[in-house]
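Residue numbers (the working numbering), protein chains in the order written: chain D, 5 to 474; chain X, 75 to 133. Glycine residues also receive a C-beta, built at the ideal position from the N, C-alpha and C atoms. No experiment lies behind these values; they were computed from the predicted model shown. Worksheet: the structure to be examined is printed underneath.
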């Protein structure tokens, strides 16, 4: 072993110019033949005529019949892709009747030919395969990688061509193409008469081809993805899920630190049905320094077809600041044509948020009322005043369905329990939603991307979505 | 790790910070308190609008 430094690999030699300049027999313009001995046909850049490059005097094969277009990457432009220098020698546009894309024929005297396929958004570098992929359950298998079939076989026509090619390409040439894809790569099988060729297309990163051939970089957009374009959101989704998981674990720990509820007071009061209001005061409720959650639980489990109004007033003994709130314990049941039914919560819970520390009194005002199905929606007082329930006369059954005569004097025990501490489930749930929002957004973006990518397969398959309409 | 993830990580940290404070202080944006509103005379329950009366909603 020697410690001699390893010399960096020498850059590939720039091929010497082998351009042969000839005169177009149709228009007299200069026609450059860059791949001598390999080029079969040349399309004049000036008049569009197809010339036979195998004849010494460039005989005209076909005269141009349409206006010439200028490729975005001019013929003769050299660029480095994948460490190799390529020269643009030909350009053609092809269509599957729905969309149009461009293919540049690249040439390197040491590497041969390659295709730079432009779908209007991104470029792919295509190398013709010198071996056949294996067929596997409708997919293609190459170098141990499975390529899924993308759509049906579809005809592809050449709509425009200029430059030189190693085959006699002409406008109107039609091949049948079948695509197989995996993220980032496409295998394209073209059948022309008895000839079948396979090309492997690698999607180039954004801006690589533009930088290599000196054209303006394109803006990223993912509205019309190529069939072999990997979802840009997949990686984001994975990373977001990892962070979300960590955040949710932290949220669980934080919620656990909130502790459990601790009972700080309890009382049981008997309240008479359709009797008067009853006031009860629970004194000396201690809340620790800082702020606390306070829960007031009421339990009137014995009621049926009745309700109990519970008004709470939590008063700071020192400042006399009070906080008012209320609850209703109710339970109704009956039977009708659908069978027995019941509803209502006889054990309501009221939670008070962020109560400052100190010593408090809780004043309870309770009043119980019976509901009668004959007229339960009416007010149970003779005066029509809610607060007048306390003085509602017994025996008003005939005045509106509030029957107090048959239950007068019946007392319902209501237990009120005051607790402090614990965690509001709503806060934890809100935090959960806010943490999960971004991964969900990315997931929907990923699914939308995949849906758009596969939509082309549903249309019969096509290489890309390049179109002036886009 | 791209910019999106950096922002998302910071967002989660901020969210956890405020959640910790809310849990410590027993705070909830959903917990409401206040005096019982006046009862609407004769209005049946289940019509919405808050304190509209009593009785089951079962018909």
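Sequence-distant residues of its chain with Cβ nearer than 6 Å to residue i (five each side left out)
i: residue 80/X; result: none
i: residue 311/D; result: 332, 334 and 373
i: residue 217/D; result: 77, 81 and 83
i: residue 161/D; result: 99 and 178
i: residue 193/D; result: 182 and 202
i: residue 86/D; result: none
i: residue 25/D; result: 34 and 36
i: residue 274/D; result: 415 and 417
i: residue 95/D; result: 75, 108, 166 and 167
i: residue 210/D; result: 224
Helix, strand or coil at residue i according to DSSP, with G and I counted as helix
i: residue 85/X; result: helix
i: residue 104/X; result: coil
i: residue 237/D; result: helix
i: residue 381/D; result: With a pLDDT of 41 at residue 381/D, under the threshold of 50, the modelled position of this residue cannot be trusted, and the question is left open.
i: residue 432/D; result: helix
i: residue 281/D; result: coil
i: residue 405/D; result: Because the pLDDT of residue 405/D is 34, which lies under 50, any placement of that residue in the model is unreliable, and the number read from its coordinates should be weighed accordingly. Of the three classes helix, strand and coil, the one that applies to residue 405/D here is coil, per DSSP.
i: residue 372/D; result: strand
i: residue 454/D; result: helix
i: residue 331/D; result: strand
i: residue 161/D; result: strand
i: residue 79/D; result: coil
i: residue 353/D; result: strand
i: residue 219/D; result: coil
i: residue 130/X; result: coil
i: residue 415/D; result: strand
i: residue 77/X; result: helix
i: residue 44/D; result: coil
Residue i versus residue j: straight-line alpha-carbon distance, rounded
i: residue 330/D; j: residue 414/D; result: 23 Å
i: residue 86/X; j: residue 262/D; result: 19 Å
i: residue 120/D; j: residue 223/D; result: 19 Å
i: residue 165/D; j: residue 58/D; result: 18 Å
i: residue 212/D; j: residue 170/D; result: 26 Å
i: residue 343/D; j: residue 131/X; result: 16 Å
i: residue 28/D; j: residue 112/D; result: 24 Å
i: residue 233/D; j: residue 457/D; result: 8 Å
i: residue 204/D; j: residue 135/D; result: 11 Å
i: residue 44/D; j: residue 109/D; result: 13 Å
i: residue 123/D; j: residue 459/D; result: 16 Å
i: residue 369/D; j: residue 435/D; result: 36 Å
i: residue 286/D; j: residue 423/D; result: 12 Å
i: residue 284/D; j: residue 260/D; result: 34 Å
i: residue 133/D; j: residue 143/D; result: 17 Å
i: residue 114/D; j: residue 195/D; result: 27 Å
Any C-beta of chain X under 9 Å from that of residue i
i: residue 96/D; result: no
i: residue 362/D; result: no
i: residue 428/D; result: yes
i: residue 264/D; result: no
i: residue 452/D; result: no
i: residue 343/D; result: no
i: residue 347/D; result: yes
i: residue 103/D; result: no
i: residue 4/D; result: Only positions 5 to 474 of chain D appear in the structure, and residue 4/D is not among them; the question remains open.
i: residue 202/D; result: no
i: residue 357/D; result: yes
i: residue 114/D; result: no
i: residue 338/D; result: yes
i: residue 297/D; result: yes
i: residue 190/D; result: no
i: residue 424/D; result: yes
i: residue 375/D; result: yes
i: residue 370/D; result: no
i: residue 258/D; result: yes
i: residue 255/D; result: yes
Own chain partners of residue i with C-beta closer than 8 Å, once the 5 adjacent residues on each side are dropped
i: residue 320/D; result: 326, 360, 362, 363 and 364
i: residue 245/D; result: 443
i: residue 264/D; result: 425 and 426
i: residue 3/D; result: Any question about residue 3/D goes unanswered here, given that chain D covers just 5 to 474.
i: residue 323/D; result: 362
i: residue 453/D; result: 226, 229, 235, 236 and 237
Cβ shell of residue i (< 7 Å), same chain only, five flanking positions each side left out
i: residue 445/D; result: none
i: residue 449/D; result: 237
i: residue 421/D; result: 267, 270 and 301
i: residue 93/X; result: none
| said: So if I threshold CB-CB distances at 7 Å, which residues from the segment 430-446 of chain D count as touching chain X? | reply: 430, 431, 435, 438, 439 and 442
| query | For the segment 232-253 of chain D, which residues have a beta carbon sitting closer than 7 Å to at least one beta carbon of chain X? | reply | 240, 243, 244, 247 and 251
| task | Quick one: which residues of the segment 284-295 of chain D get their C-beta closer than 8 Å to a C-beta of chain X? List them in chain order. | result | 294 and 295
| message | Short of 7 Å Cβ to Cβ, which residues in the segment 88-106 of chain X face chain D? | response | 89, 90, 93, 94, 96, 97, 99, 100, 101, 102, 104 and 105
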